[in-house]
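When we follow my numbering, the leftmost residue of the sequence shown carries the number 1303, and every step to the right adds one. Backbone N, C-alpha and C define an ideal beta-carbon position, used for all residues, glycine too. Since the structure comes first, as structure tokens, the remarks are kept for the end.
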Amino acid sequence: MDSARQLGERRRIDDLCAAVLRAATGHAQLHFEAGRLYDDARPVPVRAPHLRVEPRDDGLPARRAVADAVALRLRYSNSALHVDLAPIEPVARLVFEWLEQLRVESLVPDELPGMRGNLERRYREWSAGFFASGSADTSVGVLLFSLSQIVWSRLTSRALPDEVTDFLEPTRAALAPVLGPSLAGIRRERADQAGFAPHALAIAHEIAQRVQAEIDDEPQAGRSRPGALMLDLEFDQDDTVAFPPVQTATSASYRALGGQYRIFTTRYDQECEASDLVRAGLLREYRDRLDQRIAKQAVNVPRLTRALRAVLALPRRDGWLFGQEEGAVDGRRLAQLVSSPGERRLFRRDRFVPVADAAVALLIDCSGSMRANIESVAVMVDVLMRALEQAGVPTEVLGFTTTAWNGGRPRQEWLSTGRPALPGRLNELRHLVFKSAQTNWRRARRPLAALLKSDLFREGVDGEAVDWACARLLGQDAGRRVLVVFSDGCPMDSATNQANDDFYLDNHLKAVITRNTRQHGIDIRGVGVGLDLGAYYPRSVAVDLEKGLDNGVFDELVQLLGGRRRR
């Protein structure tokens, strides 16, 4: 697990690189979260193998080179035009993306020689590492590596190392008759994206055909796939949707009301302790069932606790570390230098300890469709709230549903008043408290088991639930407030949808997330249960609970919680 000092250093590098990007592009919302670049709430993909860095291992030079490369991409590449032109076939697309990145990197202005040096150094370091790893020993690895080297050298007019030139000469000779005109074209048109694209597409399609031919021949030839270069298309995972996305659209009713959310009546709404809705004996049975399921998961809770503490805590100075080999000179140890001239432990350094300065709320969608996965969700939340408490982070566990199907008493009142147009929300809400911030994990274990009571689950009005959870978070004294919403779909209340339209609650949810994020600075994250919630929650992750819960799922949750939004 990383120390607070290492985390602080990575954050410093992120901040420096983000400052470079903002200055170079004029995009004021660019920032890094856990090593990944965002433009406000939207991730900015880095689509080139030589720009893949590992935040834990790569220092400032590599990260600065990536920042320079992304700045050039944002400055010199029209993303809409690029998307329109990009091929669909994965390998062809991979090559086309790579060629476009190499194109913009060749356009460094003459007045920025430092940027040119950063980019060249990064590309050569990547090339040397790839070559030394043995990934170029396969036929496909040779092909893609050789193409990259040829294109980079041609676009930048830089010479390749002799050993690389000798290595790729056979491949160059094989490609030259076919790709010669296109390679000349990308050099000639490198300053014009539209003119460059036809030549890049010709290269991409030719290389894709050759890669496919090599793969088809692989069983007979006994060749292995080049793991380091991405025939698994790890490079393109930013665009891969592993889960279906939620369906969303503009609500005519919401727009007709000027973006104002309307509620027909709040008379029947409830906020209650979840445990009050379940008989004590039944709650014990549910808790035993949940404990058995948790025992089978074998999640490493201490490991999870350390990871959460690392991403949610801030380094705070806590005195000195003495007897160090570097740092500030410790005057009390100078006498040792006289008695032991070889002694090097004469310095002191600041000591930092991680201190939690965050509050977290876990909000669970208790609509009917969640029943099928609720036991797995309950296990996930139980483990997570236990680890958060051990990490020193105050945590609430909340839920939301309705007390009736198809509107209940509000709908009956609406019908009796003549069905006025655009009545707004037409159901009676039930907001559930499974664990308050002041309740410790041990006392909250039994109330959490109320999640297993199936008749709690009815319909879901997500926007009001998110607003409610955010209001509770704002009442906590914390430097950072994080809301994590567990859901398997879009807001759904049949009575409200019928009286307004299908996307009335949907549009309100989006407005609530935007308002609480921008006005109150709350980090709102989504966990999609078998569904991509990115249309609502720009910071989200989708999980497949049918495969069970393991440390990998919780690692994803740690990464989700680790991102820090900058206002």
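Would you mind sorting K1849 into buried or exposed? The rule is 16 or more other CB atoms within 10 Å of its CB.
-> It is exposed - the Cβ of K1849 has fewer than 16 other Cβ atoms within 10 Å.
Whose C-beta lies closer than 7 Å to the C-beta of M1417 among residues of the same chain, with five residues either side of it excluded?
-> Short of 7 Å from the beta carbon of M1417, and not among the five residues preceding or following it, lie these beta carbons of its own chain, in chain order: D1370 and V1410.
Could you tell me the boundaries of the beta strand (DSSP E) in which D1590 lies?
-> Membership of D1590 in any beta strand (DSSP E) is not indicated; the residue belongs instead to the alpha helix (DSSP H) covering A1582 to Q1599.
Ranges of the beta strand (DSSP E) found wholly within the region 1646-1726, counting only runs of at least 3 = If we require 3 residues or more, the beta strand (DSSP E) runs fully inside the region 1646-1726 come out as 1649-1658, 1660-1667 and 1697-1704.
Using three-state DSSP, classify A1746 as helix, strand or coil.
-> Three-state result, A1746: helix.
Between which two residues does the beta strand (DSSP E) harbouring L1826 extend?
-> Checking the displayed sequence, the identity of residue 1826 turns out to be Ile instead of Leu. DSSP places I1826 inside the beta strand (DSSP E), whose first and last residues are D1825 to V1831.
Could you name the residues that DSSP lists as bridge partners for P1547?
-> Beta-bridge pairing links P1547 to D1834.
Boundaries of the alpha helix (DSSP H) in which A1844 is found, first to last residue | From DSSP, A1844 is part of no alpha helix (DSSP H) but of the beta strand (DSSP E) over S1842 to V1845.
Identify every run of the beta strand (DSSP E) within the region 1337-1419, keeping only runs that are complete inside it and at least 3 residues long; order them along the chain.
-> Runs of the beta strand (DSSP E) spanning 3 or more residues and lying entirely within the region 1337-1419 occur at 1338-1341, in chain order.
Thinking just about the alpha-carbon of each residue, which of E1471, A1476, E1516 and T1568 is nearest to the one in V1442?
-> Comparing alpha carbon positions, the residue from E1471, A1476, E1516 and T1568 closest to V1442 is E1516.
Could you check what DSSP says for A1321 in three-state terms: helix, strand or coil?
-> If DSSP states are grouped into helix, strand and coil, A1321 belongs with the helices.
Check the DSSP bridge columns for E1573 and list the partner residues they point to.
-> Answer is H1733.
Along the chain, which unbroken stretches of the alpha helix (DSSP H) at least 4 residues long are found entirely within the region 1766-1828?
-> Here the runs fully enclosed are 1796-1801 and 1806-1822.
Collapsed DSSP secondary structure at L1728 in the structure displayed | Of the three classes helix, strand and coil, the one that applies to L1728 here is coil, per DSSP.
Please name the residue in A1554, L1470 and H1352 whose C-alpha comes closest to that of D1258.
-> With the chain represented from 1303 up to 1869, any question about residue 1258 goes unanswered, as that position is not in the structure.
Could you please give the first and the last residue of the uninterrupted alpha helix (DSSP H) stretch that includes L1462?
-> Here L1462 belongs to no alpha helix (DSSP H), and DSSP marks it neither H nor E.
Taking N1802 as the reference, give the member of A1752, G1864 and I1565 with the closest Cα.
-> The shortest Cα separation from N1802 among A1752, G1864 and I1565 belongs to I1565.
CA-to-CA distance, I1452 to S1429, given in whole angstroms | Going by the C-alpha atoms only, they are around 12 Å apart.
Below 8 Å on the Cβ atoms is my guess for V1845 versus V1829; work out the distance and round it to an integer in Å.
-> Under the criterion of beta carbons closer than 8 Å, V1845 and V1829 qualify as touching, at roughly 6 Å.
8 Å Cβ cutoff met for R1284 and A1630 = Past the edges of the chain, shown from 1303 to 1869, lies residue 1284, and the structure says nothing about it.
Where do the N-terminal and C-terminal ends of the alpha helix (DSSP H) with S1756 fall, by residue?
-> No residue range can be given for S1756, since it is assigned to no alpha helix (DSSP H) and is classified by DSSP as neither H nor E.
Identify whether A1506 lies in helix, strand or coil by the three-state DSSP scheme.
-> DSSP places A1506 in the helix class (H, G or I) of the three-state scheme.
When you compare only the Cα positions, how much space is there between E1761 and S1671?
-> Near 9 Å, if we compare the C-alpha coordinates of S1671 and E1761.
Note the first and the last residue of the continuous alpha helix (DSSP H) segment covering L1579.
-> Taken as a continuous stretch (DSSP letters only), L1579 belongs to no alpha helix (DSSP H), as it is neither H nor E.
Is there contact between the region 1714-1727 and the region 1740-1760, where contact requires at least three CB pairs shorter than 8 Å?
-> Contact between the region 1714-1727 and the region 1740-1760 is absent: fewer than 3 CB-CB pairs across the two stretches fall below 8 Å.
At which residues does the alpha helix (DSSP H) containing S1555 begin and terminate?
-> Looking at the DSSP string, the run of the alpha helix (DSSP H) that includes S1555 is A1554 to A1558.
Report the three-state DSSP secondary structure of Q1451 (helix, strand or coil).
-> Note: Q1451 maps to helix in three-state DSSP.
To the nearest angstrom, how far is it from the Cα of Q1511 to the Cα of V1385?
-> The alpha-carbon atoms of Q1511 and V1385 are separated by roughly 21 Å.
Which residue or residues does DSSP assign as beta-bridge partners of I1488?
-> Its beta-bridge partners do not exist; DSSP assigns none.
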